[in-house]
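Structure first, commentary second.
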Amino acid sequence: MTDTEPAEEETPEGLLGWCLVANVSRETMRGEDGLDIHDGTKHFPVGALLWIPPTIWDPGPGRWRAVGRHRGNGRRYVNMVVRSDDLENFRVKGVYSEGLVRSLNGHHHDPAAPRTLQDPWTRERAQSWADGQNDLLERIVIDGRRHPQIRVPNPPPAELAVGGEILHLSQYGIRGPHYSRMPPPVEWVPET
Numbered sequence: 148m149t150d151t152e153p154a155e156e157e158t159p160e161g162l163l164g165w166c167l168v169a170n171v172s173r174e175t176m177r178g179e180d181g182l183d184i185h186d187g188t189k190h191f192p193v194g195a196l197l198w199i200p201p202t203i204w205d206p207g208p209g210r211w212r213a214v215g216r217h218r219g220n221g222r223r224y225v226n227m228v229v230r231s232d233d234l235e236n237f238r239v240k241g242v243y244s245e246g247l248v249r250s251l252n253g254h255h256h257d258p259a260a261p262r263t264l265q266d267p268w269t270r271e272r273a274q275s276w277a278d279g280q281n282d283l284l285e286r287i288v289i290d291g292r293r294h295p296q297i298r299v300p301n302p303p304p305a306e307l308a309v310g311g312e313i314l315h316l317s318q319y320g321i322r323g324p325h326y327s328r329m330p331p332p333v334e335w336v337p338e339t
């Protein structure tokens, strides 16, 4: 290695910290049983870059606090709670903007230290979260209720044993496999 090559662990100039980021999915589910398909979310357009700070408080199962540029006003960062199912392409990016630091810090922001992230990600921890979210396993829905802790490969199996009971694949679409406790109907075959 020569003196002109940058070291792998060298910090880029102007870097204020690392953050987990994701993009808003092209298709998001809404309505009863997620049958209403929309482009993006109410507050963020398709492909919008969202910065996900480490969790300080729990916004609920399958929901994360995110910072991004609002659909109506692309200049300012806004804090919103988003569904994790509405996000894709998780990765780690460097934070370079003081305005972004202010939004990521939220009400914990210290005006005396405008370039300091109050609860920063480490690059390794953020990468671990990104890898976990990008795995090829899909979350399942059982009888209309999402179960984020249970995941299956793509394509999903026709039958799945969970907690001592057999679940049957009832529907498989854009937003994952739906299982039912009821077995599929038996096809009637006429006698010949």
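Just so we're aligned, residue 148 is where the sequence shown starts under this note's numbering, counting upward by one. Don't be surprised by glycine CBs; every beta carbon is placed ideally from N, CA and C. It should be emphasised that the depicted structure is a prediction, and the values quoted were computed from it without experimental measurement.
Residue 188 and residue 233: beta carbons closer than 7 angstroms?
-> Sequence index remark: in the sequence shown, residue 188 carries index 41 (1-based). Sequence index remark: in the sequence shown, residue 233 carries index 86 (1-based). Against a cut-off of 7 angstroms, the Cβ pair of residue 233 and residue 188 comes out as a contact.
In angstroms, rounded to a whole number, what distance separates the CA positions of residue 275 and residue 166?
-> Against the sequence shown, residue 275 aligns to sequence position 128. Against the sequence shown, residue 166 aligns to sequence position 19. Each residue's CA atom was taken as its position, placing residue 275 and residue 166 some 12 angstroms apart.
Jot down the residue ranges of each uninterrupted alpha helix (DSSP H) in the segment 285-328, minimum 4 residues, whole runs only, in chain order.
-> Here no run is fully enclosed.
For residue 216, which option in 208, 198, 231 and 271 has the closest C-alpha, if you only look at C-alpha atoms?
-> Within the sequence shown, residue 216 is the residue found at index 69, counting from 1. Closest by alpha carbon: 198.
Rounded to a whole number of angstroms, what is the C-alpha to C-alpha distance between residue 328 and residue 279?
-> To locate residue 328, count along the sequence shown from 1; it is residue 181. To locate residue 279, count along the sequence shown from 1; it is residue 132. In this structure, the alpha-carbon of residue 328 lies about 28 angstroms from that of residue 279.
To the nearest angstrom, report how far apart residue 261 and residue 243 are at their CA atoms.
-> Position 114 of the sequence shown holds residue 261. Position 96 of the sequence shown holds residue 243. Linking residue 261 to residue 243 through their CA atoms gives a straight-line distance of about 12 angstroms.
Neighbour-count burial assignment, residue 291, 16 or more Cβ in a 10 Å radius | Here the question's residue 291 lines up with position 144 in the sequence shown. Around the Cβ of residue 291, a 10 Å sphere holds fewer than 16 other Cβ atoms; the residue is exposed.
Please go through the same chain and pick out, in chain order, the residues whose beta-carbon is closer than 8 angstroms to the beta-carbon of residue 319, but skip the five residues on each side of it.
-> Locating residue 319 in the sequence shown gives position 172, where the first residue counts as 1. Same-chain partners within the cutoff: 302, 303 and 325.
The segment 244-257 / the segment 218-233 touching (three or more Cβ pairs under 8 angstroms) = Two segments are said to touch when three or more pairs of C-beta atoms, one from each, lie closer than 8 angstroms; by this definition the segment 244-257 touches the segment 218-233.
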